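Written below as structure tokens is the structure these notes are about.
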Amino acid sequence: MSRGGVETWQTRAAWAFLAPALSLIGIFFFLPVIAGLLLSLTDFDIYGIASLDSVRFIGLRNYLRLLTSDAFWGAMRNTLYFVLVGGPLSLAASLGAALLLNARVVRFRTFFRTIYFAPVVTTLVAVAVVWRYLFHVRYGLLNHALALVGIGPIDWLGDPHWAMPAIILMAVWKNFGYNMLIFLAGLQSIPEELHEAAALDGAGAWQRFRHVTLPGLRPTFLFVSVITMIGYFQLFAEPYVMTQGGPLRSTTSLVLLMYEEGFRWWRLGMASAIAFILLLILLLGTLAQFRLQRSRE
Amino acid sequence: MSGGGRSAASAAALALLILSGGCAGPQEPRKVDLRFWGMGREGEVVQEMMPEFEAANPGIRVRVQQIPWSAAHEKLLTAFVGRSTPDVAQLGNTWLAEFAALGALERLDARIAASAEVDSSVYFPGIWETNRIERGIYGIPWYVDTRLLFYRQDILRKAGYDSIPGSWKEWRAAMEAVRAVVGAGRYAIFLPTNDPTEIEIFGLQAGSSLLKDGGTRGAFTEPAFRRGFDFFLGLFRDGLAPPASNTQIANVYQEFARGYFSMYITGPWNLGEFKRRLPEELQGSWATSPLPGPDGSQSGVSLAGGSSLVIFEASKEKDAAWRLLEYLSRPEQQMRFYRLTGDLPARREAWRDSAFAGDPRILAFGAQLDRVVPSPKIPEWEEIRKRVQDRAEQAVHGALTPDSALTLLQDQVDTILEKRRWLIERKRAKDGP
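Residue numbers (the working numbering), protein chains in the order written: chain A, 8 to 304; chain B, 98 to 530.
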């Protein structure tokens with residue numbers, strides 16, 4: 008057998024081995040994505056379910072209609088608010104908790120780790136019911152505590168200005184435990200000698216954190232912030248359960264809007280268009296974060 | 098009992114069939130399996146009514162499948178797409194238009210005309226109307242509901258009123274009197290800002306049809322709707338209603354008991370809840386009243402709600418399915434169903450039963466049901482209601498003036514209905530001049 012023959016044979020074998028995985032990805036990922044893209048160019052709706060000849064190909068009109076509707080931009084604003092405020096807050100809370108748990112002076116670490124992780128695995132609906140009471144204007148614990156320091160009652164879920172902060176507060180509390188565990192693993196992978204060496208050189212606690220811990224956590228940071236951003240852009244369950252997108256649509260996120268269009272009004276073409284815009288935003292966001300991290304290196 | 102006579106007759110018919118079959122030998126009677134989808138509590142208790150039906154109709158077996166309300170709409174739709182709809186189902190009457198538009202439902206006009214049991218005149222007219230989509234009848238009313246006023250009689254008395262007056266003007270005066278009695282921080286009425294039902298009702302009461310041109314355009318900028326909308330907004334502007342949604346009032350029953358509000362527009366499902374959840378000492382002091390209207394109680398209409406029974410177009414056992422519908426429509430079965438569920442019967446003669454005569458809280462519903470009208474019967478209505486709610490909420494919170502809220506609403510609704518206009522236009526072109 009000639010050399011070329013061996014190579015083509017090897018290439019063929021490689022394809023054969025890859026085929027099962029590729030066909031699965033093709034069928035369950037690329038095909039639906041392409042179908043979704045095509046769907047987003049039609050006005051497929053409840054009449055389309057009844058008979059396909061009521062479906063019109065409308066080009067980019069779904070996208071145009073979205074880009075000119077205040078409902079879409081409102082949802083975009085709310086989502087960005089949630090991502091830009093909630094994301095960093097969540098990272099800070101996770102990192103803070105991880106640093107605390109990693110400190111040698113803390114006892115009962117396993118106990119606290121479990122406690123902090125518990126909200127992550129708790130059912131959101133159950134959590135939301137409890138938080139609705141915490142947020143209650145007149146009987147809520149939160150307002151009770153604020154009253155003690157002289158701050159007037161806040162209508163957390165009823166005031167359009169406070170509803171999103173309330174959602175962020177709950178989401179951060181619910182999710183920080185997951186990233187905390189990843190940060191904890193990152194912290195433990197930083198060699199102890201580096202800290203010792205820095206301490207011998209006379210670095211204080213802050214300097215050690217700034218120049219040893221943070222650089223050591225850089226890969227973890229990238230992973231955690233990308234995952235958090237992707238997760239937070241898909242804000243859905245919290246407002247769905249707590250506020251149904253209100254008051255004044257101030258907590259309607261992009262995914263909630265997509266859900267409403269698709270599964271409440273059955274305008275599946277429009278819902279697909281929203282999904283593609285979201286996909287585009289996520290791709291751009293992830294790219295930007297990779298760039299940012301690389302430029303620092 | 099008529100059931101015995103019926104089965105004897107069918108046995109005779111069967112015998113005749115076998116004889117005429119000649120030498121083919123004894124044939125098995127054909128077994129019919131009916132699939133029935135019931136929602137929530139109704140789907141649970143209707144099973145108890147099936148043995149009697151099956152005894153009267155040997156050869157028919159009914160398999161009841163219970164479906165939770167929250168999943169019902171999606172499940173029906175997926176069943177339709179997957180061609181696995183049941184034979185018979187309970188359908189919320191605001192859903193009928195959508196499933197009729199899909200072509201999922203069997204038109205029942207001919208069967209009703211031939212039936213000795215079902216007759217449109219024995220039903221509340223507004224309720225019967227909800228089953229008429231364009232020119233055909235697609236369902237038989239099963240049980241009904243509508244919304245009316247629940248109120249605190251003790252507080253109203255203190256404010257100088259023995260009952261709820263009939264006209265909007267007097268009703269408002271009563272609310273102001275209530276507010277004077279209960280004092281600051283409390284309200285006369287609770288109209289949840291996340292529910293458009295009250296606005297729909299006020300609009301209909303003021304004579305608006307909500308949509309116009311055969312349901313292809315909104316009628317929200319016309320004077321009639323404006324009048325209802327202004328009445329609604331005025332209650333918030335003048336501090337008679339708290340600008341709060343259902344999710345903000347953690348427990349409606351508690352707040353009603355505390356006197357945070359004294360009036361609440363809601364439906365018959367709350368009759369049982371109020372009895373269960375209000376404290377003992379308040380049980381004698383709440384009442385129900387038909388809704389007031391802009392020009393006295395005759396204009397105090399409310400929405401026709403409830404559920405109908407439908408037969409699906411894809412069913413292969415439509416005759417058997419129709420017999421089940423007839424059985425469930427009989428007055429005695431309607432009363433039995435009421436006792437099992439508390440759902441109000443759709444047939445008027447069932448209301449003469451002694452179970453109702455002594456209960457003024459239920460009789461108020463009977464009076465209201467004589468004055469109910471359907472909401473617009475098009476598939477898009479659910480979405481339009483949501484837009485109404487959004488714009489009304491903005492107007493309540495002062496984010497929009499009433500004028501711009503209604504103009505924006507009208508624009509949005511006309512955009513939503515674009516597809517419908519296109520479909521109607523196409524159909525007209527196809528049918529030719």
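Ideal placement from N, C-alpha and C gives every residue a C-beta, glycine not left out. Model, not experiment: these values are computed from the prediction.
query                                                                                                                      : result
Within-8 Å CB hit, E139 of chain B to chain A                                                                              : no
Short CB-CB distance (under 8 Å) between S260 of chain A and chain B                                                       : no
Cα-Cα separation between R120 of chain A and L108 of chain A, rounded to whole angstroms                                   : 7 Å
Buried or exposed (CB count within 10 angstroms, at least 16 for buried), W225 of chain B                                  : buried
C-beta neighbour in chain B for Y88 of chain A, strict 8 Å                                                                 : no
Test item: CB-CB of R518 of chain B and T313 of chain B under 8 Å                                                          : yes
H151 of chain A classed as buried or exposed, judged by whether at least 16 other C-beta atoms fall within 10 angstroms    : exposed
Alpha-carbon to alpha-carbon, D327 of chain B and L288 of chain B                                                          : 14 Å
Chain B within 8 Å of A82 of chain A, Cβ atoms only                                                                        : no
Check whether G223 of chain B and P471 of chain B have beta carbons under 8 Å apart                                        : yes
Straight-line Cα distance separating L131 of chain B from A418 of chain B                                                  : 7 Å
Member of B:A213, B:E267, B:I286 and B:S264 whose CA lies at the smallest distance from the CA of Y248 of chain B          : B:I286
Same chain only: Cβ atoms within 7 Å of G137 of chain B, ignoring 5 sequence neighbours per side                           : P165 and W166
Those runs of the alpha helix (DSSP H) which lie wholly inside the segment 139-223 of chain A and span at least 4 residues : 148-155, 167-195, 199-207 and 212-215
Spatial neighbours of D440 of chain B in its chain, beta-carbon cut-off 6 Å, leaving aside the 5 residues before and after : Y240
8 Å Cβ cutoff met for S61 of chain A and L520 of chain B                                                                   : yes
Under 9 Å by beta carbon: chain A residues contacting S342 of chain B                                                      : L164, G165, T250, Q251, G253 and P254
Segment contact flag, the segment 202-211 of chain B with the segment 403-414 of chain B, C-beta cutoff 8 Å, min 3 pairs   : yes
Extent of the continuous alpha helix (DSSP H) to which I34 of chain A belongs                                              : Note, I34 of chain A: premise wrong, no alpha helix (DSSP H); not H, not E.
Below-8 Å beta-carbon distance, A57 of chain A vs any chain B residue                                                      : yes
Range of the contiguous beta strand (DSSP E) that encloses W239 of chain B                                                 : I237 to D242
Rounded distance between the beta-carbons of D52 of chain A and G276 of chain A, thought under 8 Å                         : 7 Å
Alpha helix (DSSP H) segment containing D511 of chain B, residue limits                                                    : P499 to I513
Complete runs of the alpha helix (DSSP H) confined to the segment 24-74 of chain A [at least 4 residues]                   : 38-46, 53-57 and 68-74
Limits of the alpha helix (DSSP H) - the one that A197 of chain B falls within                                             : L193 to L199
Cβ pair count under 8 Å reaching 3, the segment 451-470 of chain B against the segment 232-240 of chain A                  : no
Cβ of V62 of chain A within 8 Å of any chain B Cβ                                                                          : no
Nearest-angstrom Cβ-Cβ length linking V129 of chain B and M147 of chain B, presumed shorter than 8 Å                       : Going by Cβ atoms, the distance from V129 of chain B to M147 of chain B rounds to 13 Å, so no, they are not a contact pair.
Near-chain A residues of the segment 460-483 of chain B (beta-carbon distance less than 7 Å), N- to C-terminal order       : P476 and E480
Partners in chain A for G200 of chain B, counting only beta-carbon separations shorter than 8 Å                            : A57 and S58
Exposure label - Y140 of chain A; buried when at least 16 CB within 10 Å                                                   : exposed
is_contact[Q491 of chain B, chain A] using C-beta, thresh 8 Å                                                              : yes
Burial state of S260 of chain B, where buried means 16 or more other Cβ atoms lie within 10 Å                              : exposed
Buried or exposed by the 16-neighbour rule on C-beta atoms within 10 Å, applied to S302 of chain A                         : exposed
Pairwise C-alpha distance: F115 of chain A and A183 of chain B                                                             : In the sequence on display, residue 183 of chain B carries Pro and not Ala. Taking the straight line from one Cα to the other gives about 58 Å.
Proximity test, Cβ basis, 8 Å: A338 of chain B and chain A                                                                 : no
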